[in-house]
Amino acid sequence: MKTSVQPAWVLGRRAYRDSSLLVELLTADSGRASVVVKGAHRKQRGGSFASLMQPFCPILVALGGQSELKYLSSAETAGVAISLPGERLFSGLYMNELLVRLLPKWDSVPQLFASYGASLVELGERADLDLTLRRFEIALFEELGYEIQWDSDHRGQRFKAECSYLFVPDRGFVESEQSQSEGLLSGAELIKLNSWYRERTALDEGARRVLKKMMRQAIDYRLDGRPLKVREAFGQWRDLSQPKGDE
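First residue of the sequence shown? That's 205 in my numbering, and the numbers climb one at a time after it.
This is the structure we're talking about:
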């Protein structure tokens with residue numbers, strides 16, 4: 205069976221058997237898909253399939269096969285690749301790894317597909333890197349059914365600015381009687397985050413740190429504590445790119 209042509213993004217690829225590639229795609233109609241690209245390096249009109257199977261390059265693909273592991277029957281470019289230099293490259297790779305690790309295969313996710321493409325464009329246009337990633341993480345969680353309630357605690361009560369809350373990934377925000385403890389969030393901070401989420405208001409540095417820490421906690425919980433490879437790679441790149449002092 206051959207599917208119709210659909211837009212797609214490459215999330216990752218690796219060698220498969222003798223001359224093929226196993227490619228992870230995010231597609232407009234089929235969601236996340238694992239696809240065998242047979243004879244990937246064989247010359248086609250317009251170049252080899254391997255040259256098209258690159259992250260951050262919009263493509264059009266048609267898939268074939270009856271099993272869950274489909275094969276690529278056709279592919280062509282659908283636009284100019286998005287350039288992501290330096291830290292922004294790792295941000296794009298981070299989004300890719302999150303999708304591969306958390307998103308089930310073959311579920312149509314048109315809103316998430318659009319959010320991914322828009323996030324790549326924002327990264328390429330030098331938009332606010334951290335907040336672009338946070339909005340993508342939130343969009344992914346909503347697609348997975350792990351939507352965070354940004355305006356109320358786990359009982360459905362609206363946040364109170366003077367109260368303290370603890371974020372519990374599988375429950376939400378739990379009010380705490382303690383006022384000084386590691387991991388506690390003030391109601392005032394959460395009200396700011398809700399305003400940012402609903403109305404795209406500005407966030408100060410303190411609220412940004414709270415949001416980043418909270419989303420990392422939520423993601424690590426869904427990954428069952430298994431580390432993301434891109435985090436380690438980014439740490440190594442940052443260490444190498446920092447200027448060395450005089451020895």
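No residue lacks a Cβ here, since even glycine has one placed at the ideal position from N, Cα and C.
Could you work out which residue in the options is closest to residue i when comparing CA atoms only?
i: Arg-442; options: Leu-273, Thr-281, Arg-292; result: Arg-292
i: Arg-359; options: Val-378, Cys-367, Lys-416; result: Val-378
i: Gln-353; options: Arg-375, Phe-340, Arg-339; result: Arg-375
i: Asp-424; options: Leu-302, Ser-287, Val-241, Leu-267; result: Leu-302
i: Pro-413; options: Gly-387, Asp-428, Leu-427, Arg-430; result: In the sequence under discussion, the amino acid at residue 413 is Arg, which differs from the Pro named in the question. The option with the nearest alpha carbon to Arg-413 is Gly-387.
i: Asp-222; options: Ala-279, Gln-210, Thr-231, Val-240; result: Val-240
i: Leu-415; options: Tyr-220, Leu-335, Glu-366; result: Leu-335
i: Gly-410; options: Tyr-401, Arg-404, Leu-397; result: Leu-397
i: Glu-280; options: Gly-269, Ala-254, Tyr-401; result: Ala-254
i: Asp-311; options: Gly-439, Gly-349, Glu-366; result: Gly-349
i: Arg-339; options: Asp-428, Ser-277, Leu-276, Glu-403; result: Glu-403
Would you call residue i buried or exposed, if buried means 16 or more other Cβ atoms sit within 10 Å of its Cβ?
i: Pro-289; result: exposed
i: Phe-345; result: buried
i: Asp-357; result: buried
i: Lys-274; result: buried
i: Gln-446; result: exposed
i: Glu-341; result: buried
i: Ser-368; result: buried
i: Ser-319; result: buried
i: Glu-351; result: exposed
i: Glu-326; result: buried
i: Leu-444; result: exposed
i: Arg-218; result: exposed
Might you give, ordered along the chain, the residues of its own chain that have their beta carbon closer than 8 Å to the beta carbon of residue i, omitting 5 neighbours on each side?
i: Leu-337; result: Ser-295, Tyr-298, Met-299, Ser-323
i: Lys-309; result: Gly-235, Arg-236, Ala-237, Ser-238, Glu-272
i: Gln-421; result: Phe-371, Pro-373
i: Gln-361; result: Glu-379
i: Pro-259; result: Trp-213, Val-214, Leu-215, Gly-216, Gly-296, Leu-297, Asn-300
i: Ser-224; result: Val-240, Val-241, Lys-242, Gly-243, Ala-244
i: Val-437; result: With the sequence shown as reference, residue 437 is identified as Ala, and Val is not the correct amino acid for it. So the qualifying residues of the chain are Phe-294, Leu-297.
From the DSSP output, read off the bridge partner residues of residue i.
i: Lys-309; result: Arg-236
i: Lys-274; result: Val-239
i: Gln-210; result: Val-265
i: Pro-289; result: Pro-289 pairs with nothing; no bridge assigned.
i: Gly-216; result: Glu-228
i: Arg-362; result: Ser-356
i: Pro-259; result: Val-214
i: Ala-279; result: Val-265
i: Leu-324; result: None; Leu-324 has no bridge partner.
i: Val-414; result: Beta-bridge pairing links Val-414 to no other residue.
i: Glu-409; result: Its beta-bridge partners do not exist; DSSP assigns none.
i: Val-372; result: Gly-376
i: Ser-390; result: Ser-368
Going along the chain, which residues of its own chain have a beta-carbon closer than 6 Å to the beta-carbon of residue i, five neighbours each way excluded?
i: Glu-347; result: Val-313, Leu-316
i: Gly-283; result: Pro-262
i: Phe-363; result: Gly-391, Leu-394, Ile-395
i: Leu-307; result: Arg-236
i: Ala-232; result: Gln-210, Pro-211, Phe-317
i: Leu-432; result: Glu-301
i: Gly-250; result: Only weak support is given to the placement of Gly-250: the predicted model assigns it a pLDDT of 47, under 50, and the question is left unresolved by the model.
i: Trp-400; result: Leu-407
Please say whether residue j and residue i have beta carbons closer to each other than 7 Å?
i: Leu-226; j: Ala-212; result: no
i: Val-209; j: Leu-267; result: no
i: Met-257; j: Val-214; result: yes
i: Ile-286; j: Gly-321; result: no
Spatial neighbours of residue i within its chain, please: CB distance less than 7 Å, with the 5 preceding and 5 following residues excluded, ordered by chain position.
i: Met-418; result: Phe-371
i: Gln-382; result: Ser-368, Leu-388
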